[in-house]
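*Asks:* Numbering (the numbering used here), first residue to last: -1 to 325.
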């Protein structure tokens, strides 16, 4: 698998990363081991986790696998802090973040993470305090690089500029944001801000929470996430099942047929090769699903198909994004 620089840093990450959102909750240790082995065998090195995934269970499970299955040195481990279990309210205060980092390191069984990310912007905490926690993590050696997640354009631009001009601060290496043919909202401000600041984009949910696989074209399959009795799963899919999404998925399926490929692979190739993307993060239910996704490495989209997908999924950008003209 091709490696890319993460933003303007020396850290090289595989252009697909392995997500662990379901590890320790919906994915057991045996299945997680098969996924990690398949991912590393394909040349992947970036594994993304968080302190709140399965209330720390995902980090602990990853530590068990790095004990015997995959050497720690072969992985770029990215974790996050700043979310509170059971609530959408973030806590990015310095005290909470650094306490959470120490707990993550204990669960992961390592003395450092390669990338440590603030999970969400916290409007109740001064931005400078949150960023100082990143500085302390990097300067102490507990994190090699620092990033943020789910920041808006102005939040990212402000944070990146602060880190760039403040002596001794750790520059932002990455921003993690949802990005797919069904979710291109970041192109309005957040992605241009990242590109301008030299911050690498980690694209999460590149398959539109599973909808871009095409499996919802004729209804909600009984075994799918959308049919799950768990609200956190079914609710995540529902926003992408409308008429606009159906039109995009139909176009994607047509493109896949023309390439003798699958909607899944075409959707992943589209995200992977977008400007500013350092890596697209893959979350799979089974190792077989993951291997199917990883086989997209052999696919490059022709320009005319990429342009057609761009057109059918284009977000509506109005003033001031489209520029200004005199009335």
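Backbone N, C-alpha and C define an ideal beta-carbon position, used for all residues, glycine too.
Owing to the predicted nature of the structure, the values given are computational and were not obtained by experimental measurement.
1. Please name the residue, chosen from 181, 186, 166 and 139, that lies closest to residue 152 on a Cα-to-Cα basis.
2. With DSSP as the reference, identify every bridge partner of residue 282, one or two as the case may be.
3. Would you mind reading off the limits of the alpha helix (DSSP H) that contains residue 152?
4. Between the Cα of residue 3 and the Cα atoms of 196, 261 and 126, which residue gives the shortest distance?
5. Which residues does DSSP pair with residue 172 in a beta bridge?
6. Would you list the residues sitting across from residue 115 in a DSSP beta bridge?
7. Per the DSSP calculation, residue 17 is bridged to which residue(s)?
8. Per the DSSP calculation, residue 25 is bridged to which residue(s)?
9. Please classify residue 239: does DSSP put it in a helix, a strand, or coil?
10. Would you mind working out which of 62, 18, 78 and 122 sits nearest residue 91, comparing C-alpha positions?
11. Can you name, in chain order, every residue of its own chain whose Cβ lies under 7 Å from the Cβ of residue 89, other than the five neighbours on each side?
12. Hey, would you say residue 132 sits closer than 7 Å to residue 118, going by beta carbons?
13. What does the Cβ neighbour count give for residue 227, buried or exposed, with the cut at 16 atoms within 10 Å?
14. Would you call residue 317 buried or exposed, if buried means 16 or more other Cβ atoms sit within 10 Å of its Cβ?
15. What does a CB cutoff of less than 7 Å around residue 70 pick up in its chain, not counting 5 residues either side in sequence?
16. How big is the Cα-Cα spacing for residue 247 and residue 96?
17. What separation, rounded to the nearest whole angstrom, lies between the Cα atoms of residue 240 and residue 207?
18. So for residue 10, helix, strand or coil by DSSP?
19. What do you get for residue 224, buried or exposed, if any count of 16 or more other CB atoms within 10 angstroms of its CB means buried?
20. Which stretch, first to last residue, makes up the alpha helix (DSSP H) that contains residue 140?
21. For residue 60 and residue 31, I'd like the C-alpha separation in whole angstroms.
22. Beta-carbon within less than 7 Å of residue 282's beta-carbon, same chain only, minus the 5 sequence neighbours each way: which residues are those?
23. Could you pull the start and end residues of the alpha helix (DSSP H) that residue 1 belongs to?
24. Suppose only complete runs of 4+ residues qualify. What are the alpha helix (DSSP H) ranges in the segment 284 to 323, listed by chain order?
25. From the DSSP secondary-structure annotation, give me the bridge partner or partners of residue 88.
*Replies:* Taking the coordinates as given:
1. Nearest option by C-alpha distance: 186.
2. Bridge partners of residue 282: none, in fact.
3. 151 to 163
4. 196
5. 145 and 198
6. 78 and 145
7. Looking at the DSSP output, residue 17 shares a beta bridge with 46.
8. 21
9. Coil at residue 239, not helix or strand.
10. 122
11. 80, 82 and 120
12. no
13. Bear in mind that a pLDDT of 47 at residue 227, under 50, signals an unreliable position, so the model cannot answer this.
14. In this structure residue 317 is exposed. Its beta-carbon is surrounded by fewer than 16 other beta-carbon atoms within 10 angstroms.
15. 64 and 108
16. 42 Å
17. 14 Å
18. strand
19. At residue 224, the pLDDT of 47 sits below 50, so the modelled position is not reliable; the number obtained from the coordinates is stated separately. Counting Cβ neighbours within 10 Å, residue 224 comes out buried, since at least 16 surround it.
20. Per DSSP, residue 140 belongs to no alpha helix (DSSP H) and is neither H nor E.
21. 9 Å
22. 33, 288 and 291
23. Residue 1 -> not in any alpha helix (DSSP H); beta strand (DSSP E) instead, spanning 1 to 3.
24. Runs of the alpha helix (DSSP H) inside the segment 284 to 323: 285 to 292 and 301 to 311.
25. 81
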